[in-house]
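In the numbering used here, the protein residues as written are -18 to 142.
From the three backbone atoms N, C-alpha and C, an ideal C-beta is built for every residue, glycine too.
The structure under discussion appears below in the form of structure tokens.
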């Protein structure tokens, strides 16, 4: 599977392409050799992530696909509907999915999201406003939310917890 590594302000992103889709974007702390992307799709993903971090892109248009159950696909699809620069709670997400009793299952599916930033699970927060459950580390979740707030020019640009 073609793979590219891309330096972001919060670590090294590993991007994997399979069968014409971006199937994984994950963030790493380890150092990797940064080389030109081996495919046009991987380069497009890098370009769009660059634009996101520069504050000029709010939605992604690369073809994405990640393996998961029908329920997980529904959860991840719902995540893509959260507007840039805003947050929702797990309770709000479960209500939007007409499944208010599935909060834990929805949170678990959010945690299995393999498409970092592009499927914005970082925009889901705890009912009390806490930054909970982020595979990339809470500090990255905080950074991403502050970045989006700063670009939007709304609310606090520095989150205090």
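If you draw a straight line from the C-alpha of residue 60 to the C-alpha of residue 100, how long is it? So the alpha carbons of these two residues sit roughly 6 Å apart.
Have a look at 54, 82, -18 and 125 and flag the residue whose alpha-carbon is nearest the alpha-carbon of residue -2. Among 54, 82, -18 and 125, the Cα nearest to that of residue -2 is on -18.
Could you check how far apart the C-beta atoms of residue 68 and residue 105 are, in whole angstroms? I think they sit under 8 Å. Yes, they are in contact, since the Cβ atoms of residue 68 and residue 105 sit about 7 Å apart, within 8 Å.
Check each candidate in 127, 97 and 132 and name the one with the smallest Cα separation from residue 115. Selected option, being the one with the closest Cα: 97.
Is the distance from the Cβ of residue 94 to the Cβ of residue 124 below 7 Å? In this structure, residue 124 does not lie closer than 7 Å to residue 94 by Cβ.
Which residue's Cα is closest to the Cα of residue 62: 72, 52, 77 and 53? When only C-alpha atoms are compared, the closest one is 77.
Could you check which residue in 39, 75 and 82 has the C-alpha nearest to that of residue 126? The option with the nearest alpha carbon to residue 126 is 39.
In chain order, which continuous runs of the alpha helix (DSSP H) of length 4 or greater are located wholly inside the segment 66 to 112? The segment 66 to 112 contains, as complete alpha helix (DSSP H) runs of 4+ residues, the segments 71 to 77 and 84 to 92 (chain order).
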